[in-house]
Amino acid sequence: MNKIMETIRGVMGVSGVILWEKQTNVFHKLLPARFSATEGDAMCTRLVQFCGHYHHGKEVKAKFNKGWLWLHNGDSFALLIIAKPDLNTTTLNLVLKSSLSTLDSSLRRPSPNPNLRQINFTVEHVGAIARAINLALGHFQGQISRFEIADVLRMAKDQLLDHYPVLKHFTVDANGGIIVIKGAEKNMDSTAVAAAAQLIAVFIHMVSFKANITGFDIEKITLGLQLPLSEIGFYNYFASARRHAIK
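Everything in the sequence shown is counted per the numbering used here, starting at 14 for the first residue and increasing by one.
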């Protein structure tokens, strides 16, 4: 990844590149030295939000007085390029033609590993996952409105849907909560565990610019659900999602 990003950054006028791996929610950043860590994290948050408003495969270019923003929203990744006014767009187009193809092929969702331990996933686990998501969302209700929570949750779900089709069995209600579609429990499998963990992690990342996420402790928030959630490895999935949220 770094080699591809360095190649893009080597184009005349390009000053920064951010790559978001959607499946793992990992960010790779090559930004100017003047950017602080906080500013870099804010750019990552903006990238996720931008992608929530554009369909996969969409490319957006915006020119401002002080430079360019170039966004590519792919199925498995998103790329944000920050450039100066003197950006060589011809060279950038040529570099991106090969770079985007390479990224797409390398970041496509891998086939499931048959050697991984299989989870004995039940309907009761579906209920525990849905409850865990709603408890996590409820943690922020005192800081942002239910309408905003619902709006951000829909964006997070849309971003993850291609990688976790199981999320189609969840719907977002107007009060800022999530509901399992009636009868869908029987059609859900253990991929819902990672999907739920990623959904919460992406949601937290998207609201971090307007809500205080310090002290968020998923195990305390879901205290009454620790047994069923631990059985399916939910906390491990969530810890991984949060740990790799920004890199």
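Ideal Cβ positions, reconstructed from N, Cα and C, are used throughout, including at glycine.
Beta carbon of residue i, beta carbon of residue j: below 9 Å?
| i | j | result |
| --- | --- | --- |
| N200 | H182 | yes |
| T58 | M219 | yes |
| A145 | L242 | yes |
| L113 | I94 | no |
| V206 | I245 | yes |
| F48 | G26 | no |
| L148 | G189 | no |
| L174 | L180 | yes |
| S89 | E34 | yes |
| I213 | A254 | yes |
| N86 | F63 | yes |
Could you please give the first and the last residue of the uninterrupted beta strand (DSSP E) stretch that includes residue i?
| i | result |
| --- | --- |
| H138 | Taken as a continuous stretch (DSSP letters only), H138 belongs to no beta strand (DSSP E), being part of the alpha helix (DSSP H) at V136 to G151. |
| N93 | One point to set straight first is that residue 93 is Leu, not Asn, in the sequence displayed. Element bounds for L93: F90 to A96. |
| F40 | V39 to L43 |
| G29 | V27 to E34 |
Does DSSP put residue i in a helix, in a strand, or in coil?
| i | result |
| --- | --- |
| N86 | strand |
| K74 | strand |
| H176 | coil |
| L236 | helix |
| I191 | strand |
| L120 | helix |
| G155 | coil |
| G65 | helix |
| G196 | coil |
| G228 | coil |
If you follow the alpha helix (DSSP H) that residue i is in, where does it begin and where does it stop?
| i | result |
| --- | --- |
| T184 | Looking at the DSSP string, T184 is not in any alpha helix (DSSP H); the run it does join, the beta strand (DSSP E), is F183 to V185. |
| E19 | N15 to R22 |
| R255 | F247 to R256 |
| M219 | T204 to V220 |
For residue i, would you say it is in contact with chain D, using Cβ-to-Cβ distances shorter than 9 Å as the test?
| i | result |
| --- | --- |
| W83 | Reference to chain D is not applicable here, since this structure consists of a single protein chain. |
Using a threshold of 8 Å, is the CB atom of residue i nearer than that to any non-hydrogen atom of the ligand ATP?
| i | result |
| --- | --- |
| F40 | This structure does not include the ligand ATP; it has no bound ligands of any sort. |
Taking the alpha carbon of residue i as the reference point, which residue from the options has its own alpha carbon closest?
| i | options | result |
| --- | --- | --- |
| I162 | L180, V185 and Q172 | V185 |
| I191 | K170, D202, A55 and V206 | K170 |
| G23 | G65, L105, G87 and T58 | L105 |
| K74 | V61, L92, Q62 and C57 | L92 |
| V139 | V61, A210, F153 and T102 | A210 |
| L43 | M56, L116, T204 and K35 | M56 |
| K233 | T115, H152, N78 and E52 | H152 |
| Q36 | T227, D117, E198 and K97 | D117 |
| I157 | I217, L236 and N101 | I217 |
| G155 | G53, T51, Y248 and I226 | I226 |
State the CB to CB distance for the pair residue i and residue j, rounded to an integer number of angstroms; the pair is presumed to be in contact (CB under 8 Å).
| i | j | result |
| --- | --- | --- |
| V193 | A224 | With a Cβ gap of about 25 Å, V193 and A224 do not count as contacting. |
| V269 | Q172 | For residue 269 there is no data in the structure shown, the boundaries of the chain being 14 and 260. |
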